[in-house]
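Right, one structure below, let's go through it.
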Amino acid sequence: MMRACVEPSASFAFVSDAIAPDKSISHRAAMFSVLAEGESRIENFLRAEDTLNTLKIVGHLGAEIHDDGSVITIRSNGIQESAEILDCGNSGTGMRLFCGLLSSAVGHFVLTGDEYLKRRPMKRVTQPLRNIGAKLDGRNDGDLAPLSIRGASLKAFDYESKIASAQVKSAMILAALRADGVCTYYEPELSRDHTERMLGGMGAHLEINGLETKIWPLQKPLNPLNIRVPADPSSAFFFAVAAAITPDSSVVLEGVTLNPTRIEAFKVLERMGADITYTLTDERYEPIGNITVKYAPLKAVIVEKNISWLIDELPALSIAMACAEGKSIIKNAEELRVKESDRIKTVVDNLNLCGIETQEYPDGYAVNGGVLRKASLNSYGDHRIAMSFLVAGLKCGMEVEDVECINTSFPNFFDLLGKCSKVTR
Ligand code: S3P
Numbered sequence: 001m002m003r004a005c006v007e008p009s010a011s012f013a014f015v016s017d018a019i020a021p022d023k024s025i026s027h028r029a030a031m032f033s034v035l036a037e038g039e040s041r042i043e044n045f046l047r048a049e050d051t052l053n054t055l056k057i058v059g060h061l062g063a064e065i066h067d068d069g070s071v072i073t074i075r076s077n078g079i080q081e082s083a084e085i086l087d088c089g090n091s092g093t094g095m096r097l098f099c100g101l102l103s104s105a106v107g108h109f110v111l112t113g114d115e116y117l118k119r120r121p122m123k124r125v126t127q128p129l130r131n132i133g134a135k136l137d138g139r140n141d142g143d144l145a146p147l148s149i150r151g152a153s154l155k156a157f158d159y160e161s162k163i164a165s166a167q168v169k170s171a172m173i174l175a176a177l178r179a180d181g182v183c184t185y186y187e188p189e190l191s192r193d194h195t196e197r198m199l200g201g202m203g204a205h206l207e208i209n210g211l212e213t214k215i216w217p218l219q220k221p222l223n224p225l226n227i228r229v230p231a232d233p234s235s236a237f238f239f240a241v242a243a244a245i246t247p248d249s250s251v252v253l254e255g256v257t258l259n260p261t262r263i264e265a266f267k268v269l270e271r272m273g274a275d276i277t278y279t280l281t282d283e284r285y286e287p288i289g290n291i292t293v294k295y296a297p298l299k300a301v302i303v304e305k306n307i308s309w310l311i312d313e314l315p316a317l318s319i320a321m322a323c324a325e326g327k328s329i330i331k332n333a334e335e336l337r338v339k340e341s342d343r344i345k346t347v348v349d350n351l352n353l354c355g356i357e358t359q360e361y362p363d364g365y366a367v368n369g370g371v372l373r374k375a376s377l378n379s380y381g382d383h384r385i386a387m388s389f390l391v392a393g394l395k396c397g398m399e400v401e402d403v404e405c406i407n408t409s410f411p412n413f414f415d416l417l418g419k420c421s422k423v424t425r
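For what it's worth, our numbering labels the leading residue of the sequence shown as 1, then goes sequentially.
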């Protein structure tokens with residue numbers, strides 16, 4: 001296992017156009033190309049373990065993939081049965097969206113993942129898909145991977161999801177595209193909407209009315225995708241926090257998606273006192289622009305709304321909370337328990353090791369702002385835990401064990417961290 005150490009930072013300022021490309025958008029771009037006729041073109045695809053696994057699966061399903069090192073082109077041959085086990089690695093997004101895509105394909109498919117993914121709940125997609133006729137199974141009555149799927153014809157549905165999950169919504173939208181009638185999906189709070197934007201841009205008929213999405217079955221293949229993947233706000237956010245907690249520091253994070261369902265954590269950081277500005281530079285499927293973050297003393301905040309808009313950023317936001325004056329509280333975030341690790345436990349335990357007082361709740365936690373202390377921590381195999389606590393190390397120094405997982409989403413993270421302080425591995 002690889003360990004990384006970071007030293008306290010005096011101050012830093014940099015502009016970066018090298019934040020990792022968006023993970024959610026990269027997964028979808030590769031997958032949705034399978035539904036298109038003609039050649040899809042994807043620029044700035046995230047070359048990290050999770051999304052490269054998705055691309056490999058797309059190849060196993062019969063698509064012709066060409067990669068010139070800069071642009072990836074994908075030409076679909078429909079969805080073909082594969083002799084390979086389809087390995088999603090660490091990615092819940094990959095596994096859950098493929099369930100939706102493959103439920104109606106002709107053939108038999110097996111999806112698996114790494115030791116962490118095999119522990120994560122899949123019933124949230126397998127059950128509603130089974131309800132409309134999908135033949136899906138797995139351990140624990142279809143809750144745990146490996147999952148097997150035998151494509152079947154799917155019935156139109158009217159489904160009200162209990163959780164605000166873009167993965168569940170996307171799996172159901174993909175199923176709806178090949179169902180036998182118009183489908184309606186309802187979610188309790190708007191989750192990230194990349195699927196709707198991208199499929200709509202490729203010619204699918206979707207109507208979105210607040211929390212309700214109506215999806216019409218495809219009458220013909222989709223138009224090919226032509227996309228440049230913007231930078232990932234969830235990856236950018238580590239450096240937003242880095243600048244916000246380090247006196248006299250600033251960063252300009254370029255080419256980031258400014259999709260409102262993705263930048264809520266920046267808004268919270270602003271509420272805490274950080275100096276943040278957004279400049280729109282482009283609009284293609286998504287609003288895209290630059291985010292500038294400058295240090296300012298931070299104060300505590302309560303986070304209890306729009307949780308799905310910042311769920312992935314909560315570990316990094318917790319580091320800002322540890323550096324803020326007062327007691328911050330995160331509520332309604334029980335979904336954190338079923339991410340790449342139980343992030344309520346892994347954040348709280350690691351903050352405690354850094355000398356920060358916390359209270360753990362079933363659906364969140366409180367962080368009492370204080371003085372971070374250098375510690376030796378474990379990432380628990382969770383990329384966002386590893387990166388969050390390395391950023392905390394800019395305050396006090398930090399040693400984090402098991403940092404290979406960072407490659408699942410942000411392979412050049414250490415290059416950028418090295419612009420903030422001295423890092424050794
Ligand atoms: C994702 C949706 C979110 C998020 C995950 C990526 C996506 O999960 O946490 O990292 O790409 O759809 P849920 O939809 O399960 O909340």
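Glycine included, every Cβ here is placed at the ideal spot set by N, Cα and C. On a predicted model such as this, the values are computed, not experimentally measured, just so you know.
{"query": "Below-8 angstroms beta-carbon distance, V347 vs any chain B residue", "result": "Although the question refers to chain B, the structure presented lacks it and comprises just one protein chain."}
{"query": "Q359 CB to nearest heavy atom of the ligand S3P below 7 angstroms", "result": "no"}
{"query": "Extent of the continuous alpha helix (DSSP H) to which E286 belongs", "result": "That residue, E286, is in no alpha helix (DSSP H); its beta strand (DSSP E) goes 286–294."}
{"query": "Closest residue to A10 among T246, N226, Q127 (Cα-Cα distance)", "result": "T246"}
{"query": "Proximal residues to T93 (C-beta, below 7 angstroms), its chain only, five neighbours per side dropped", "result": "S24, H27, Q167"}
{"query": "Beta-carbon spacing of G370, G355 below 8 angstroms", "result": "yes"}
{"query": "Minimum C-alpha distance to R262 - residue among V251, I132, I288", "result": "I288"}
{"query": "Burial state of M398, where buried means 16 or more other Cβ atoms lie within 10 Å", "result": "buried"}
{"query": "S165 versus K123, N131, L52, L390, residue with shortest Cα-Cα distance", "result": "K123"}
{"query": "Residue closest to S70, alpha-carbon to alpha-carbon, out of R41, I132, V293, V182", "result": "R41"}
{"query": "Cβ-heavy atom distance, T93 to the ligand S3P, below 7 angstroms", "result": "yes"}
{"query": "Neighbourhood of L55 by C-beta distance below 6 angstroms, restricted to the same chain and skipping five residues each side", "result": "A30"}
{"query": "Whole-angstrom C-beta distance between F237 and A265, which should lie under 8 angstroms", "result": "5 angstroms"}
{"query": "Nearest-angstrom Cβ-Cβ length linking S308 and S409, presumed shorter than 8 angstroms", "result": "Going by Cβ atoms, the distance from S308 to S409 rounds to 18 angstroms, so no, they are not a contact pair."}
{"query": "Status (buried if at least 16 other CB within 10 Å, exposed otherwise) for S379", "result": "buried"}
{"query": "Alpha carbon of A152 to alpha carbon of V125, nearest angstrom", "result": "16 angstroms"}
{"query": "Limits of the beta strand (DSSP E) - the one that A152 falls within", "result": "Where A152 is concerned, there is no enclosing beta strand (DSSP E), given that its DSSP letter is neither H nor E."}
{"query": "Spatial neighbours of P146 in its chain, beta-carbon cut-off 7 angstroms, leaving aside the 5 residues before and after", "result": "V110, L111, T112, G138"}
{"query": "Ordered list of beta strand (DSSP E) runs contained in the segment 349–405, each at least 3 residues", "result": "357–361, 364–368, 376–378, 398–401"}
{"query": "Where I85 falls, given that 16 or more other Cβ within 10 Å makes a residue buried", "result": "exposed"}
{"query": "R192, DSSP secondary structure in three states", "result": "coil"}
{"query": "The segment 331–345 touching the segment 310–319, judged by at least three CB pairs closer than 8 angstroms", "result": "yes"}
{"query": "N427 versus E64 - alpha carbon distance", "result": "Absent from the model: residue 427. The displayed extent of the chain is 1 to 425, so no value can be given."}
{"query": "Y295 beta carbon less than 8 angstroms from that of I227", "result": "no"}
{"query": "Distance cut-off 7 angstroms: A30 Cβ against heavy atoms of the ligand S3P", "result": "no"}
{"query": "Nonlocal neighbours in the same chain, by C-beta distance under 8 angstroms from S249, ignoring five residues either side", "result": "S9, S11, F12, A13, A242, A243, K294, Y295, C420"}
{"query": "Distance cut-off 7 angstroms: A333 Cβ against heavy atoms of the ligand S3P", "result": "no"}
{"query": "Per-residue DSSP class, three states only, for P230", "result": "coil"}
{"query": "Contact set for K135: own chain, Cβ-Cβ below 6 angstroms, skip 5 residues either direction", "result": "R150, A152"}
{"query": "S308 CB to nearest heavy atom of the ligand S3P below 7 angstroms", "result": "yes"}
{"query": "Beta-carbon separation (whole angstroms), G100 vs A175, contact threshold 8 angstroms", "result": "5 angstroms"}
{"query": "N209 - DSSP class collapsed to helix/strand/coil", "result": "strand"}
{"query": "6 angstroms Cβ shell around N350 - same chain, five flanking residues per side excluded", "result": "L377, F389"}
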